[in-house]
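Worksheet: the structure to be examined is printed underneath.
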């Protein structure tokens with residue numbers, strides 16, 4: 003298998019070769035009868051009463067499919083279901099097919115807490131793939147810590163957290179911000195920045211890190227503003243931007259506000275081919291709502307873009323479109339959600355057990371060479387080592403990847419000197 | 096207009112009202128004190144405990160909306176304020192210097208540390224004291240309601256205007272709370288609450304205890320509401336609802352009565368909010384927004400805006416339906432909820448309680464009294 | 061904050077800022093007009109107002125696709141057609157809603173609020189089922205993009221000017237209908253005294269239905285116009301609802317002129333506050349001021365004086 007194990011792996015070489023071929027051969031897996039040898043007895047792989055039988059293991063998918071967040075979370079649900087399908091087609095995990103129970107968080111944080119309790123205490127799921135906003139993750143965190151559950155959280159977020167019960171498959175803030183700012187400073191000669199954000203913890207924390215980094219480099223922040231979620235009128239701030247003439251607009255605006263902001267920016271005559279704009283909140287998913295023609299020329303700092311040119315990604319994009327429709331787009335978070343199930347599978351197989359404590363012990367150092375974004379590895383702080391990439395928005399709603407960091411960026415959820 | 100008996104009731108009846116209400120209250124008490132705890136495991140019971148906290152708001156709405164004719168679309172504000180007061184106390188307890196040692200300023204809540212606060216803000220200080228907190232849970236929202244209510248009612252703002260202004264207040268407050276995240280925890284709310292005076296509120300035993308505390312408080316609040324409704328004050332409120340000017344011309348200070356009942360409803364909601372925080376383990380600014388406030392009005396409308404017990408039952412029914420629907424048909428529950436709203440409002444304006452009074456109660460009393468028509472008439476509400 | 065700028069730069073900023081305020085005014089007014097008709101004239105609180113706006117936005121989206129497929133040659137004109145389509149769709153749905161639901165609730169205004177909230181939930185889910193949970197991108201014709209260059213430094217966005225012109229046109233038409241047409245006369249008569257109007261031979265039921273349909277149609281037009289500046293998704297309508305109600309109430313519910321005045325004052329104060337402080341705080345200050353004034357003057361800016 004292309005997931006490299008540390009010494010002591012019990013898989014046969016032939017089995018590894020076969021799985022490797024299946025992964026590299028593309029994601030259009032034909033369903034393969036479970037080839038795994040005799041599965042380990044359930045009593046051995048499950049000593050804590052999880053929902054594991056001799057031929058199935060149950061996991062949870064917990065996102066909002068109704069309410070305001072459904073817009074963003076739909077992609078993650080699709081990615082998680084695709085990953086589970088593919089894993090099942092390869093024979094499942096430890097010879098057991100994955101069954102999933104899907105719960106709707108309904109964009110409401112108390113509901114997330116309630117549903118996570120249900121998944122962990124009633125359904126006894128072995129792992130949960132879910133949550134999108136920080137608020138929903140904060141709401142379920144005490145539940146996961148008390149019940150010792152396992153959550154794979156896909157969204158890039160503000161950091162400042164390192165729970166033993168969560169694996170963060172998206173980037174924490176510094177992984178998105180530092181390399182992006184270094185890049186505009188180096189490539190664009192940027193000296194002045196205007197920071198914008200929606201008014202909640204992720205944009206505020208991210209802008210704080212950005213500001214420290216900018217000021218450390220001896221450069222200047224000429225404005226910093228926040229808008230209520232759902233705000234749709236940006237003409238005044240656009241005038242302020244015209245007045246201040248910053249080299250870079252650094253925008254962390256989310257949701258429906260995004261659409262309004264870019265449309266009004268374009269209407270106000272700010273041409274993003276001339277005015278540098280760097281964002282960490284607009285993925286291909288968001289561009290569908292914004293309209294590619296309104297954001298063409300903007301730069302985004304992400305770890306994944308749908309247009310990434312590598313065999314893993316091509317297979318992933320094809321499989322995703324075959325399952326969910328040809329006109330679908332895949333954003334950074336969707337890819338991170340896809341990684342969750344694979345990282346869990348790898349850890350379970352390394353641990354030879356579904357027990358949460360054993361999976362956790364096995365997780366640090368797990369590598370995935372089949373990730374669509376390339377290669378990722380789990381850091382001991384439960385985040386992923388991954389590269390930062392800069393994409394430039396095209397009119398068709400895709401990004402051209404124009405830069406990637408040479409090395410993997412180390413995740414650092416509590417960055418010293420940036421707090 | 097209402098189901099009140101025509102003579103003033105005896106002392107005990109002040110609390111319990113008519114016979115059919117007594118029966119309903121008793122049945123409800125049996126339901127939440129005996130049947131639910133016996134029939135549900137601790138997980139489901141905790142969820143029902145959460146629903147019951149919303150019932151406090153619904154009961155408050157029966158008083159101010161059903162009885163007083165004041166529709167507030169901002170009850171979530173009071174629920175939220177009560178909940179936040181409790182959450183501040185629990186958060187301070189969870190943020191002792193030992194467990195927050197990794198922060199740059201140990202001893203303050205984690206979200207403050209993330210926002211570069213180096214000292215506890217002054218208005219957090221008193222929340223180190225449980226006694227202060229318990230008082231604040233009631234007093235802060237009530238004072239807020241008093242300010243709002245007396246300003247508006249003295250200027251004779253009522254009806255639809257009042258509803259929309261309370262909605263705007265909810266909107267302002269939620270923007271403020273979300274915007275001041277260093278002081279309030281922002282959009283995430285105040286999370287990760289663990290213990291109450293060292294007692295782990297997340298354990299199963301604690302959940303049972305809190306459930307019962309909650310249930311008894313709710314019954315007490317319903318009895319208190321019934322008292323208000325059945326004494327003279329309640330009659331004046333009904334008078335205000337139906338003919339405000341006539342009551343005013345009779346010499347009553349209408350604004351004072353309205354303000355009072357609005358404050359009572361706020362205090363009830365606040366108790367619910369505090370119990371929510373204790374049972375669910377966090378408080379979120381989403382409650383202060385508009386949508387939950389309207390949803391709570393719907394709980395009340397479904398149960399019956401004139402019936403205290405009905406409103407509480409309605410809260411349970413709607414929330415149970417919501418959970419069940421969203422578990423089995425996540426994409427359909429909005430349809431179901433929407434249809435429920437429309438159906439209740441257009442077909443059964445008195446809600447479940449109205450159905451009970453009109454169809455079930457007469458049969459029950461016929462069965463009891465061998466078909467005496469007089470009892471049927473006295474307990475049938477007219478409109 | 062104005063250190064180091066030349067006088068001409070400052071002038072152009074003030075011109076553009078003034079225009080930003082005007083655009084905001086048009087947006088607020090367009091949002092509020094439909095509601096002002098329904099709420100002010102009929103006393104019905106339509107909580108599904110935002111969903112009617114989004115209906116208009118989805119109609120625009122559909123029209124643009126039809127044009128792209130069937131008449132690519134005149135694609136640029138689709139937006140004007142879309143506005144008409146949106147108006148018709150909104151009015152038709154409004155007519156239906158009035159017939160099916162609202163007319164049973166006229167004597168209980170607070171209940172219309174709850175029932176229409178239910179309607180809004182159902183509409184949201186319908187949009188989600190048909191168009192998906194994600195936002196759809198409505199592509200604008202080229203002539204609506206870009207800016208007018210008044211001078212080197214003064215640029216006015218074309219779509220802002222368009223919204224402004226559209227709002228002016230719609231308001232004029234509505235004011236004309238209200239005060240110069242027979243229908244308007246009937247509406248005003250029914251509002252002031254329903255039984256007397258009925259006695260004078262006015263069909264109150266028909267007037268109600270027409271009024272409600274008109275209000276919903278105007279809401280959908282607003283939605284179609286807002287595809288230029290905002291997002292189109294199943295829940296986007298909720299973003300507008302509080303602002304809209306405040307504008308109408310602040311203006312004095314029964315006065316269309318009041319609605320115009322209140323849209324103007326709220327938009328101007330918000331837009332200038334936004335220039336001097338952060339967006340979040342500007343919003344809070346504006347809302348606080350509006351609520352504060354409403355506390356002092358609960359009947360709103362303008363009152364329709366009449367004998368009861």
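Residue numbers (our numbering), protein chains in the order written: chain A, 3 to 421; chain B, 96 to 478; chain C, 61 to 368.
Ideal placement from N, C-alpha and C gives every residue a C-beta, glycine not left out.
Item                                                                                                                           : Value
8 Å contact criterion, which residue 142 of chain B and residue 418 of chain B should meet: CB distance rounded                : 7 Å
Three or more C-beta pairs below 8 Å linking the region 119-138 of chain C and the region 331-350 of chain C                   : no
Local Cβ density within 10 Å of residue 378 of chain A, reported as buried at 16 or more and exposed below that                : buried
7 Å Cβ shell around residue 334 of chain C - same chain, five flanking residues per side excluded                              : 342
Start-to-end residues for the beta strand (DSSP E) that takes in residue 209 of chain C                                        : 207-209
Cα-Cα separation, residue 25 of chain A to residue 344 of chain A                                                              : Bear in mind that a pLDDT of 43 at residue 25 of chain A, under 50, signals an unreliable position, so the number given afterwards is only what the model happens to contain. Residue 25 of chain A and residue 344 of chain A: Cα-Cα distance of roughly 11 Å.
At least 3 beta-carbon pairs within less than 8 Å: the region 179-199 of chain A vs the region 220-229 of chain A              : yes
One or two residues paired with residue 457 of chain B in a DSSP bridge                                                        : Answer is none; residue 457 of chain B lacks a bridge partner.
Uninterrupted alpha helix (DSSP H) stretches inside the region 298-352 of chain B (no shorter than 4 residues)                 : 299-325, 327-337 and 339-344
Residue 127 of chain A vs residue 60 of chain A beta-carbon contact at 8 Å                                                     : yes
Bridge-paired residues (DSSP) for residue 196 of chain C                                                                       : C:292
Test item: CB-CB of residue 189 of chain B and residue 287 of chain B under 8 Å                                                : yes
Where the alpha helix (DSSP H) containing residue 142 of chain A begins and where it ends                                      : 136-149
The region 225-242 of chain A: positions lying closer than 7 Å to chain C by Cβ                                                : 227, 228, 229, 230, 232, 233, 234, 235, 237, 238, 239, 241 and 242
Proximal residues of chain B, C-beta to C-beta of residue 161 of chain C below 7 Å                                             : 437 and 441
Which listed residue (B:194, B:444 and B:224) has its alpha carbon closest to that of residue 292 of chain B                   : B:224
Within 8 Å of chain A by C-beta, residues of the region 278-299 of chain B in sequence order                                   : 281, 282, 283, 284, 286, 287, 288, 289 and 297
Under the three-state DSSP convention, the category residue 199 of chain A falls into                                          : strand
Pair within 8 Å by beta-carbon distance, residue 291 of chain A and residue 194 of chain C                                     : yes
Residue 64 of chain A and residue 109 of chain A closer than 8 Å at C-beta                                                     : no
Which of helix, strand or coil DSSP assigns to residue 181 of chain B                                                          : helix
Helix, strand or coil at residue 373 of chain A according to DSSP, with G and I counted as helix                               : strand
As assigned by DSSP and simplified to three states, the class of residue 101 of chain A                                        : strand
Residue 167 of chain B burial status per 10 Å Cβ neighbour count (16 or more: buried)                                          : buried
Option in C:288, C:304, C:337 and C:350 with minimal Cα separation from residue 116 of chain C                                 : C:288
Residue-chain proximity (residue 68 of chain A, chain B), Cβ-Cβ < 8 Å                                                          : yes
Residue 317 of chain C, DSSP secondary structure in three states                                                               : helix
Residues of the region 319-346 of chain C whose Cβ lies closer than 8 Å to any Cβ of chain B, in chain order                   : 340, 341, 343 and 344
Interface flag, residue 349 of chain C vs chain A, CB-CB below 8 Å                                                             : no
Segment contact flag, the region 168-187 of chain C with the region 314-329 of chain C, C-beta cutoff 8 Å, min 3 pairs         : no
For residue 281 of chain A, the three-state DSSP class (helix, strand or coil)                                                 : strand
Residue 208 of chain B - containing alpha helix (DSSP H), residue span                                                         : 205-209
Residue 177 of chain C classed as buried or exposed, judged by whether at least 16 other C-beta atoms fall within 10 angstroms : buried
Whole-angstrom distance between residue 329 of chain C and residue 446 of chain B, CA atom to CA atom                          : 43 Å
Test: residue 178 of chain C CB closer than 8 Å to a CB of chain B                                                             : yes
Three-state secondary structure (DSSP) of residue 276 of chain A                                                               : coil
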